[in-house]
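Chemist: Residue numbers (the numbering used here), protein chains in the order written: chain A, 1 to 257; chain B, 1001 to 1307.
Glycine included, each C-beta is placed from N, C-alpha and C at the ideal position.
Here it is, the structure in full.
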Amino acid sequence: MSDIKLALRQIWYINKALVRNPASLFFTLIFPLMFLVIFSVVFGNGHFLVAPGRTVRVATFYVPSIAAFSVINSCYTNIAMSLSFSRDSGALKRIHGSPLPVWSYMLARILHAVLIAILLVVICAAFGALVYGATLPTSTLPAFALTLVVGAAVFSALGVAVTAVIPNADAAPAVVNGTILPLLFISNVFIPLENPSGWIDVVGKIFPVRHFADALVGSFFQLSGSGLHTNDLLVLGAWGVAGVVLGVRFFQWEPRT
Amino acid sequence: MAKLAGVAIEVDDLRKSYGSLEAVRGISFTVADGEVFALLGPNGAGKTTTVEILEGFRSRDGGRVSVLGFDPAKGERRLKEQMGIVLQTTGVDPYLTVAETVDMFRGYYPKPRPRDEVLGLVGLEDKSDSRVTKLSGGQRRRLDVAIALAGDPQVLFLDEPTTGFDPGARRAAWEVIKGLKSLGKTIFLTSHSMDEVQFLADRVVIIAAGKIAAQGTPETLAGRQQATTTIRFRIPASVTLPETLRPGARLDGDSIELETKDPTRALYELTSWAVQAAVSLEGISVTQPSLEDVYLDITKESAGAPA
């Protein structure tokens, strides 16, 4: 069997295990919708003037923000956590001792996370359009899809890489949340920052979260143009490369105690 | 490194340190094809380090290692395809069924053993559709063995395979391992249980403080068959032993213990005297030191050595 086929086969088993854990499946799928409802209730869903005589519902901006959050959660957070747990349980060591190529295994975990992320974004967009009247992308759809896939891949790579500094599963939630939550708050995901002050602006520009959020929101709704945010995507790509290099170099198959 | 005919595993002057701690200090041994080989030693003796170097999980600092002609440190897929590993920790997805788990691992190997055969070998046929979460501890351990057998390996590493088993489960696991031996598999076993080693192993190496303290078959280990034999019996207080038997005899409670290096002669002399003198030797027993006695002796001596 080819190594790609092995990876695809592995995805099937990963997915089977997820589907058999109903609590995990339910909250994974419901997660973005909860945020969409909360945003719309708390911040309102009025008409927003985007051009003379043209308004869209505010949910049009909530949907891509929550989509960005869903991707980061599904890829970065979930991969880092689940890899840490697999490492503690000895599952990673067992895979390492088997002939399954390492990259087939990692590819399977990453592709599964990316597929879940895409599914969440589709659910979120559909719910936003049907219930809150969000405007869905048409001419910018290719840019949106590209941004989505690039972002999912980059945050997956970073999720793998961060496990190198997570000593064991007990430390995983603290490390993962500690690295991602502050960034989510200063990167136009939860709160749109009109004119972020000095250092918040600098930190936001260095790390990948804001670039991803801006690129995703910008390609979800755009009055004209392709919606492609090339510069943001380049920064994201650089983080992705860094994630892969660090992940390959420092990945640990066994927990440190 | 080509594989030598008849040799499955070769270790020559293996060394490994963790910081200033020398965990393995120059170990050499050979495991023949189809042999059940047991590595024994107290905790911290370097057992796990040695096994994990052979399995490819750890690097070594010095010496030569060959498993089926491969250097395990290189992590080559062709070697992994011929190796089965049962680790001390399990790490199986709890939500998959037994059959799915075995099939998942079978898929990683070029020539897997049929699933029903694998489950039959470990006695989990009836649990095929059970999820891993529903298995008992002993059944999970058998699933570990099943996973190690999925690829139909030439060499099987079993790291303390029956720790935590009840006596029935342990006996069943031993039968499984005996069965694997009859299939011609080479089995590398580590264990704390002397009974297990006695029952299963063709050859034993005892390591202590990172060095080989003794090696041999379970029967002959450390000159066990030449060691002192103890003959124990009771005779009425009014009777005294003949002169020839007095050296080596001592009173232990109301029993007499006779220690001898030549049990055949001692028993002959003792019983022919007893028959002639019409003395009944009550509760007579003849014991050799058990493997456990030998093991404790060897590891006690080595514990005194500088670490």
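Any beta carbon from chain A within less than 8 Å of Y1018 of chain B's own beta carbon?
Modeler: It does not; no Cβ of chain A falls within 8 Å.
Chemist: Between which two residues does the beta strand (DSSP E) holding A1099 of chain B run?
Modeler: That residue, A1099 of chain B, is in no beta strand (DSSP E); its alpha helix (DSSP H) goes V1098 to R1106.
Chemist: For chain B, is any of its Cβ atoms less than 8 Å away from the one on P167 of chain A?
Modeler: Chain B, which has no Cβ nearer than 8 Å to the Cβ of P167 of chain A, makes this no.
Chemist: Bridge partners for G240 of chain A per DSSP, in chain order?
Modeler: Answer is none; G240 of chain A lacks a bridge partner.
Chemist: Count the other CB atoms within 10 Å of the CB of D88 of chain A; is the residue buried (16 or more) or exposed (fewer)?
Modeler: Buried, by the Cβ-count rule.
Chemist: Smallest Cα separation from F69 of chain A: which of A:P22, A:P182, A:I166 and A:L8?
Modeler: Checked all of A:P22, A:P182, A:I166 and A:L8; the closest Cα to F69 of chain A is A:P182.
Chemist: For I1177 of chain B and L1121 of chain B, what's the separation of their Cα atoms in angstroms?
Modeler: Spanning the two alpha carbons is a distance of roughly 9 Å.
Chemist: Residue range of the beta strand (DSSP E) that R256 of chain A falls in?
Modeler: Element bounds for R256 of chain A: n/a, residue is neither H nor E.
Chemist: Smallest Cα separation from P1167 of chain B: which of B:G1253, B:E1292, B:D1195 and B:L1119?
Modeler: Answer by Cα proximity: B:D1195.
Chemist: Could you check where the beta strand (DSSP E) with T1030 of chain B kicks off and where it finishes?
Modeler: It spans L1021 to A1032 - the beta strand (DSSP E) in which T1030 of chain B sits, taken as one unbroken run.
Chemist: Measure the alpha-carbon distance for A1274 of chain B versus L1281 of chain B and round it to whole angstroms.
Modeler: The straight-line gap from Cα to Cα measures roughly 7 Å.
Chemist: Interface residues of chain A around F993 of chain B at Cβ under 7 Å?
Modeler: Outside the shown range of chain B (1001 to 1307) lies residue 993 of chain B, about which nothing can therefore be said.
Chemist: Would you say D1129 of chain B and A1099 of chain B are within 8 Å of each other, going by their C-beta atoms?
Modeler: The answer is yes: Cβ separation under 8 Å.
Chemist: Three-state secondary structure (DSSP) at F220 of chain A?
Modeler: F220 of chain A falls in the helix class under three-state DSSP.
Chemist: Nearest to T1228 of chain B by CA position, among B:A1266, B:A1146, B:V1007 and B:V1102, is which residue?
Modeler: With distances taken between Cα atoms, T1228 of chain B lies closest to B:A1266.
Chemist: Quick one: is F27 of chain A buried, meaning 16 or more other Cβ sit within 10 Å of its Cβ, or exposed?
Modeler: Exposed.
Chemist: So which residues on chain A does I1187 of chain B lean against when the C-beta distance must stay under 9 Å?
Modeler: Neighbours of I1187 of chain B on chain A: none; closest Cβ ~16 Å, over 9 Å.
Chemist: Have a look at A:T60, A:P208, A:V160 and A:S2 and flag the residue whose alpha-carbon is nearest the alpha-carbon of G151 of chain A.
Modeler: Residue A:P208 is the option with its Cα nearest to G151 of chain A.
Chemist: Chain A beta carbons: is any one of them nearer than 8 Å to that of E1055 of chain B?
Modeler: Output row for E1055 of chain B: interface = yes.
Chemist: For I1212 of chain B, which residues of its own chain have a beta-carbon under 8 Å away from its beta-carbon, when the five flanking residues on both sides are left out?
Modeler: Here the set comprises I1027, S1028, F1029, V1205 and I1206.
Chemist: Going by DSSP in three states, L1267 of chain B sits in which element: helix, strand or coil?
Modeler: Helix at L1267 of chain B.
Chemist: Where do the ends of the alpha helix (DSSP H) carrying D1195 of chain B lie?
Modeler: M1194 to L1200 is the extent of the alpha helix (DSSP H) around D1195 of chain B.
Chemist: Report the option in B:A1278, B:V1065, B:L1096 and B:D1103 whose CA atom is closest to the CA atom of K1003 of chain B.
Modeler: It is B:V1065.
Chemist: Mind pulling the alpha helix (DSSP H) runs of 4 or more residues that sit fully within the segment 1131-1166 of chain B?
Modeler: Qualifying alpha helix (DSSP H) stretches, in chain order: 1137-1149.
Chemist: Any residues in the segment 91-123 of chain A with a beta carbon nearer than 8 Å to a beta carbon of chain B? Which ones, in chain order?
Modeler: Answer set for the segment 91-123 of chain A: A91, L92, K93, R94, H96, G97, S98, P99, L100 and P101.
Chemist: Please confirm if the segment 1089-1099 of chain B is in contact with the segment 1129-1140 of chain B, defined as three or more CB-CB distances below 8 Å between the two stretches.
Modeler: Enough Cβ pairs lie closer than 8 Å, so yes.
Chemist: Exposed or buried, F250 of chain A, counting other C-beta atoms within 10 Å across all chains shown (16 or more means buried)?
Modeler: The residue in question, F250 of chain A, is exposed, as its Cβ has fewer than 16 Cβ neighbours within 10 Å.
Chemist: If you run the structure through DSSP and keep just helix, strand and coil, what is Y1018 of chain B?
Modeler: The answer is strand: DSSP assigns Y1018 of chain B an E or B state.
Chemist: Does the contact criterion of 3 or more C-beta pairs under 8 Å hold for the segment 193-201 of chain A versus the segment 113-127 of chain A?
Modeler: As far as the Cβ criterion goes, the segment 193-201 of chain A does not touch the segment 113-127 of chain A, which means the pair count is below three.
Chemist: From which residue to which residue does the alpha helix (DSSP H) around R109 of chain A run?
Modeler: It spans V102 to Y132 - the alpha helix (DSSP H) in which R109 of chain A sits, taken as one unbroken run.
Chemist: Can you round the beta-carbon distance between L216 of chain A and A67 of chain A to whole angstroms, since I take them to be within the 8 Å contact cut?
Modeler: Yes, L216 of chain A and A67 of chain A are in contact; Cβ-Cβ is about 6 Å, under 8 Å.
Chemist: Using the rule of at least 16 other Cβ atoms within 10 Å of the residue's Cβ for burial, across every protein chain shown, is K205 of chain A buried or exposed?
Modeler: The residue in question, K205 of chain A, is exposed, as its Cβ has fewer than 16 Cβ neighbours within 10 Å.
Chemist: Which bits of chain A does L1096 of chain B rub up against, with CB to CB less than 7 Å?
Modeler: The answer, in chain order, is Y13, K16 and A17.
Chemist: Kindly indicate which residue of A:A153, A:V154, A:F212 and A:A108 has the alpha-carbon position closest to the one of A7 of chain A.
Modeler: With distances taken between Cα atoms, A7 of chain A lies closest to A:A108.
Chemist: Can you tell me whether I1009 of chain B is helix, strand or coil according to DSSP?
Modeler: In the structure shown, I1009 of chain B sits in a strand (DSSP, three-state: E or B).
Chemist: Return yes when the Cβ of G1164 of chain B is within less than 8 Å of the Cβ of R1142 of chain B, no when it is not.
Modeler: Not in contact: R1142 of chain B and G1164 of chain B (Cβ atoms no closer than 8 Å).
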